[in-house]
Amino acid sequence: MLIALVALDSQTGELLREPDIVSRGFVYMRESGELVEESKKRVREAVARCRERGVSEWGAVRSAIRETLGRYLFDQTHRQPMIFPLLVEV
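If you want it as structure tokens, here you go:
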């Protein structure tokens, strides 16, 4: 599984800090630095696209993150981990 932890501003929906990526049973984090960094980039892009479209519903943002990461990770690894986007509103 792969967890994407995303902290968002409650007023604007902006990212407050770099997303965190945690992998359990999918890839070994120490050996997959490039994959993790690109995954963070994809999460940032998915959140930005949602903001541009005026999408602020948490379910829609989570779905966008899950779909974006799912496509990227499958293209890179030919595996489909369970992806859990965790949104924290601050």
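Numbering-wise (the numbering used here), the sequence shown opens with residue 553 and increments by one.
Where is the CB? At the ideal position from N, CA and C, for every residue including glycine.
Only a predicted model underlies this, so the values are computations on that prediction, with no experimental measurement involved.
Where Ser575 sits in the DSSP three-state scheme: In the sequence shown, the residue the question calls residue 575 occupies position 23. DSSP, read as helix, strand or coil, puts Ser575 in strand.
Beta-bridge partners of Phe636, as assigned by DSSP: Taking the sequence shown and counting its residues from 1, one reaches residue 636 at position 84. BP columns for Phe636 point to Ile555.
Leu567 in three-state terms, based on DSSP: Here residue 567 is taken as the residue at index 15 of the sequence shown, counted from 1. Strand, per DSSP.
Opposing strand residues paired with Glu641 [DSSP bridges]: The count along the sequence shown starts at 1 and reaches residue 641 at position 89. Looking at the DSSP assignment, Glu641 forms a beta bridge with Leu560.
Whole-angstrom distance between Ala556 and Val579, CA atom to CA atom: As a first step, residue 579 is located in the sequence shown; it is residue number 27 there, counting from the start. As a first step, residue 556 is located in the sequence shown; it is residue number 4 there, counting from the start. Taking the straight line joining both Cα atoms gives about 14 Å.
Integer Cβ distance of Leu554 from Ile573, believed to fall under 8 Å: As a position in the sequence shown, residue 554 is number 2, starting the count at 1. As a position in the sequence shown, residue 573 is number 21, starting the count at 1. Contact annotation, Leu554 with Ile573: C-beta distance approximately 7 Å; criterion of less than 8 Å satisfied.
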